[in-house]
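Residue numbers (my numbering): 577 to 840.
Glycine included, every Cβ here is placed at the ideal spot set by N, Cα and C.
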């Protein structure tokens, strides 16, 4: 669906289009490919009215627009802006919760992944793209890569993880993925879903309250840096953000946290 799309985006779009074609056929009794443009616009408007604005909806709309452009050679006449997506509230984990989670998962490679996310602030997609030679064990730095495998920014990690990372890298070539799985006889990056499922299962087994995801660990990294008084621009670069606005939810959380006062 276009050479400039990353493999992951192309796969995501393909899944969305398959669901879209089935939904559209059921709704209008015709093939989406044969449908007039106004029917496609009607379908999109119905989506906006029936679903909460989320990343999933944004991906679906982007996939349909891309599908239409590839099919007809022109843009779909639908420019209704999506309202801001609702972001999950920041869930700060206590020291005890973190210690319990990390201890419980310490013998599994996915446990190292979630500790590294907390220690570096990497996105889940970034941590599975880390190559052996992206890790600077001496200076405790990691080069993050984007979805196309290109270096995007540099971040820190804790020396506590140095030995575990050395052990994980043992026997691998410099260009190999640090966290990999064998598929069809070849080694590729570990699947995001594997880590997500592992973390969800660990949280359930431990009886930890609230939703805890890879994003939760990244959020905790950001709040930790802010509480240390680290310069906002440095945090922005370390977390791979393009502008300062991306830090607003963290800054707002810190302000609200500081505003809390004892009633006594």
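Contact set for residue i: own chain, Cβ-Cβ below 7 Å, skip 5 residues either direction
i, result
"residue 695", "733, 734, 737"
"residue 705", "721, 725, 765"
"residue 768", "700, 701, 704"
"residue 728", "720, 721, 722, 816"
"residue 714", "none"
Beta-carbon gap between residue i and residue j smaller than 8 Å
i, j, result
"residue 755", "residue 766", "yes"
"residue 656", "residue 624", "yes"
"residue 592", "residue 636", "yes"
"residue 795", "residue 693", "no"
"residue 654", "residue 620", "yes"
"residue 744", "residue 685", "yes"
"residue 778", "residue 680", "yes"
"residue 673", "residue 801", "no"
Contact belief for residue i with residue j at Cβ below 8 Å, rounded distance in angstroms
i, j, result
"residue 687", "residue 814", "Actually they are not in contact, since the Cβ atoms of residue 687 and residue 814 sit about 23 Å apart, beyond 8 Å."
"residue 793", "residue 808", "That belief does not hold up - the Cβ atoms of residue 793 and residue 808 are roughly 20 Å apart, past 8 Å."
Residue i (DSSP reduced to helix, strand or coil)
i, result
"residue 649", "coil"
"residue 757", "strand"
"residue 691", "helix"
"residue 611", "coil"
"residue 762", "strand"
"residue 638", "helix"
"residue 767", "coil"
"residue 676", "helix"
"residue 810", "helix"
"residue 706", "coil"
"residue 578", "Its pLDDT being 49, under 50, residue 578 is placed unreliably by the model, and the measurement read from it follows with that caveat. Reduced to three states, the DSSP call for residue 578 is coil."
"residue 822", "helix"
"residue 590", "helix"
"residue 721", "strand"
Cutoff 6 Å; reference residue i; Cβ partners in own chain excluding five residues on either side
i, result
"residue 644", "652"
"residue 608", "597, 600"
"residue 750", "708, 709"
Member of the options whose CA lies at the smallest distance from the CA of residue i
i, options, result
"residue 788", "612, 617, 678, 632", "678"
"residue 825", "798, 818, 806", "798"
Cutoff 8 Å; reference residue i; Cβ partners in own chain excluding five residues on either side
i, result
"residue 589", "577, 581, 635, 638, 639, 642, 643"
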